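Everything below concerns the one structure shown next.
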Amino acid sequence: MSRKPSPKRLEALKIWLQSGREKKLKDIGEELDISAGQIRKWKCEDRWDEIPDDGPRRGAPYRNKNAVGNKGGGAPANNQNAYKHGFFSKWIPDDDEMKEIYQAARAGMSTLDLLYEDILISFTNYIRAQKLMYVKDQDDMTKELKKEKFFKEKVEVTDDAGNIREEFVETQGEREYEIQFAWDKQAKLLTAGAAASRSLVSKIKQYEEMVRSLPPEEVKEEHRLRVDKLKADIKAVNAKAW
């Protein structure tokens with residue numbers, strides 16, 4: 001059974017709409033005795049910007065030239081109207097897949113969910129690294145070709161008719177290898193593992209603090225259980241790694 005939004009959450013939206021969507025979030029927060037960050041979070045989660053505006057729209061002044069060069073009346077090609085945040089619209093690559101992912105994330109995920117997904121991705125990479133950097137024993141050595149040079153050598157070639165001609169043949173020259181001994185691989189694993197573990201712990205603490213800071217009616221039991229499960233999983237992986 002879903003919980004009703006807090007009265008102040010609805011009141012904040014009402015104040016914003018009644019101001020013609022122009023009142024600053026900081027001012028709304030001061031009026032309701034709530035932090036501007038909380039108002040901003042509500043605005044993002046409830047998608048205030050996507051609420052239809054049924055009121056009268058302000059038209060352009062007489063002889064306004066905003067639409068010059070745009071005969072169809074719609075937005076020009078490559079117009080950025082669909083983006084809600086100018087900063088991201090400027091820096092996100094002009095790639096359809098990237099835009100689709102970005103818009104999907106904005107539409108259906110809260111800040112708490114985004115942080116949780118980031119934690120899961122970091123944890124997945126942490127586990128994968130354990131497998132990629134695994135050191136079997138002290139004789140576990142890795143030898144990889146790092147650089148290779150080829151030379152062209154002039155040789156005489158005789159064809160079927162007995163004619164002799166000169167050709168350049170590519171021959172192998174120098175090879176440079178990168179060798180990693182067991183102790184070196186183990187040291188890198190420990191360093192990388194410690195850094196990844198610290199990053200995970202920091203993100204989980206941030207998640208816990210965010211859960212505690214939210215109003216009780218907005219926190220689901222699932223949000224709390226996520227933290228306990230993540231801690232147990234990380235503890236199990238670390239125990240297995242050692």
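According to UniProt numbering, the stretch in the sequence shown is residues 1 to 242, in order. Just so it is clear, CB atoms sit at the ideal spot from N, CA and C, and this is done for glycine as well. Owing to the predicted nature of the structure, the values given are computational and were not obtained by experimental measurement.
Checklist entry - Near residue 115, which residues of its chain fall below 6 Å by C-beta distance, leaving aside the five closest residues on each side in sequence? => result Position 115 of the sequence shown holds residue 115. Closer than 6 Å at the Cβ level, and outside the excluded window around residue 115, lie 207.
Checklist entry - Where DSSP assigns a beta bridge to residue 145, which residues make up the other side? => result Locating residue 145 in the sequence shown gives position 145, counting from the first residue. Partner(s): 177.
Checklist entry - Taking Cβ to Cβ, would you say residue 30 is nearer than 8 Å to residue 15? => result Position 30 of the sequence shown, counted from the start, is the residue given in the question as residue 30. Position 15 of the sequence shown, counted from the start, is the residue given in the question as residue 15. Result no, Cβ atoms of residue 30 and residue 15 do not sit closer than 8 Å.
Checklist entry - Cα separation between residue 82 and residue 117? => result Position 82 of the sequence shown, counted from the start, is the residue given in the question as residue 82. Position 117 of the sequence shown, counted from the start, is the residue given in the question as residue 117. Residue placement at residue 82 is flagged as unreliable, the pLDDT there being 46, under the threshold of 50; the coordinate-derived value follows with that caveat. Between residue 82 and residue 117, the C-alpha separation is close to 25 Å.
Next on the checklist: Is it buried or exposed, residue 204, if we count other Cβ atoms within 10 angstroms and call 16 or more buried?
Outcome noted: Along the sequence shown, one-based indexing puts residue 204 at 204. When all chains shown are included, residue 204 counts as buried.
Item to check | Environment of residue 121 [buried if 16+ CB atoms lie within 10 Å] | outcome: By 1-based counting over the sequence shown, the position of residue 121 is 121. Label assigned to residue 121: exposed.
Item to check | residue 198 - DSSP class collapsed to helix/strand/coil | outcome: Position 198 of the sequence shown, counted from the first residue, corresponds to residue 198. It is helical.
Item to check | Contact belief for residue 200 with residue 150 at Cβ below 8 Å, rounded distance in angstroms | outcome: Position 200 of the sequence shown, counted from the first residue, corresponds to residue 200. Position 150 of the sequence shown, counted from the first residue, corresponds to residue 150. That belief does not hold up - the Cβ atoms of residue 200 and residue 150 are roughly 45 Å apart, past 8 Å.
Item to check | Whole-angstrom distance between residue 148 and residue 197, CA atom to CA atom | outcome: Locating residue 197 in the sequence shown gives position 197, counting from the first residue. Locating residue 148 in the sequence shown gives position 148, counting from the first residue. Across the structure, residue 197 and residue 148 are spaced so that their CA atoms are roughly 37 Å apart.
Next on the checklist: Using only the alpha-carbon positions, how far apart do residue 140 and residue 235 sit?
Outcome noted: For the purposes of this step, residue 140 is taken as the residue at position 140 of the sequence shown. For the purposes of this step, residue 235 is taken as the residue at position 235 of the sequence shown. Whole-angstrom Cα-Cα distance: 26 Å.
Checklist entry - Where does residue 23 fall in DSSP's three states? => result The residue you call residue 23 lines up with position 23 of the sequence shown. Here residue 23 sits in coil by DSSP.
Item to check | 8 Å contact criterion, which residue 25 and residue 39 should meet: CB distance rounded | outcome: By 1-based counting over the sequence shown, the position of residue 25 is 25. By 1-based counting over the sequence shown, the position of residue 39 is 39. Residue 25 to residue 39, Cβ: 4 Å. Contact.
Item to check | Integer-rounded CB distance, given that residue 48 should sit under 8 Å from residue 9 | outcome: Here residue 9 refers to the residue found at position 9 of the sequence shown. Here residue 48 refers to the residue found at position 48 of the sequence shown. In fact, because the Cβ distance is near 11 Å, the residues do not count as touching under 8 Å.
Next on the checklist: Please state whether the Cβ-Cβ distance between residue 144 and residue 177 is less than 8 Å.
Outcome noted: The count along the sequence shown starts at 1 and reaches residue 144 at position 144. The count along the sequence shown starts at 1 and reaches residue 177 at position 177. Yes; because the gap between Cβ atoms is below 8 Å, this pair is in contact.
Next on the checklist: Give me, in chain order, the residues of the same chain whose beta-carbon lies closer than 6 Å to that of residue 110; leave out the 5 immediate sequence neighbours on both sides.
Outcome noted: Locating residue 110 in the sequence shown gives position 110, where the first residue counts as 1. The residues are 45.
Checklist entry - In chain order, what residues of the same chain have a beta carbon less than 7 Å from the beta carbon of residue 154, not counting five sequence neighbours either side? => result Stepping through the sequence shown from its first residue, residue 154 is reached at position 154. Closer than 7 Å at Cβ, skipping near neighbours: 166 and 168.
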